[in-house]
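Scroll down for the structure; my scribbles are underneath it.
Numbering (the numbering used here), first residue to last: 240 to 345.
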């Protein structure tokens, strides 16, 4: 069963730009909360963390073996994203916009 839209067998390259949508625990208490607050922004691919070139994107998704990329946001924040969180268009977003981060919540 597909939960998130996969775009086929695209080749994500260092230096390319994509739209990012966070797909994990949407909470200020999440260890990846900063990524959640950056959801629905454009990112630059700045590195490869894990890459499985010998499988299709659907096969990687089904096996929970997605490629992961190091990404950088316009404000300089750097994080990591799975290929299922990177889009060429905002039309494929399926999650609501994140809230504005309350800097007092730690």
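Glycine residues also receive a C-beta, built at the ideal position from the N, C-alpha and C atoms.
Everything numeric in this text was worked out from a predicted model, so none of it was measured.
>> Suppose the cutoff is 8 Å on Cβ atoms and the five residues either side in sequence are ignored; what does the same chain contact list for residue 282 look like?
In response: Translated into the one-based positions of the chain shown, residue 282 becomes position 43. Excluding residues within five positions, the ones whose Cβ falls inside 8 Å are 256, 257, 258, 259, 310, 311, 312, 320 and 325.
> In terms of alpha-carbon separation, which member of 270, 267, 271 and 280 lies closest to residue 336?
Replying inline: Position 97 of the chain shown, counting from 1, holds the residue named residue 336. Considering only alpha carbons, the answer is 280.
>> Please return the same chain residues whose Cβ sits closer than 6 Å to the Cβ of residue 286, not counting the five positions on each side in sequence.
In response: Within the chain shown, numbered from 1, the residue matching residue 286 stands at position 47. 309, listed in sequence order.
> Nearest-angstrom Cα distance between residue 289 and residue 271?
Replying inline: Taking the chain shown and counting its residues from 1, one reaches residue 289 at position 50. Taking the chain shown and counting its residues from 1, one reaches residue 271 at position 32. Straight-line Cα distance between these residues: approximately 18 Å.
>> Please list the terminal residues of the continuous alpha helix (DSSP H) segment that includes residue 258.
In response: For the purposes of this step, residue 258 is identified with residue 19 of the chain shown, where counting begins at 1. Segment 256-259 is the beta strand (DSSP E) holding residue 258; no alpha helix (DSSP H) there.
> Going by DSSP, what residues sit across from residue 280 in a beta bridge?
Replying inline: The residue given as residue 280 occupies position 41 in the chain shown. Bridge partners of residue 280: 259.
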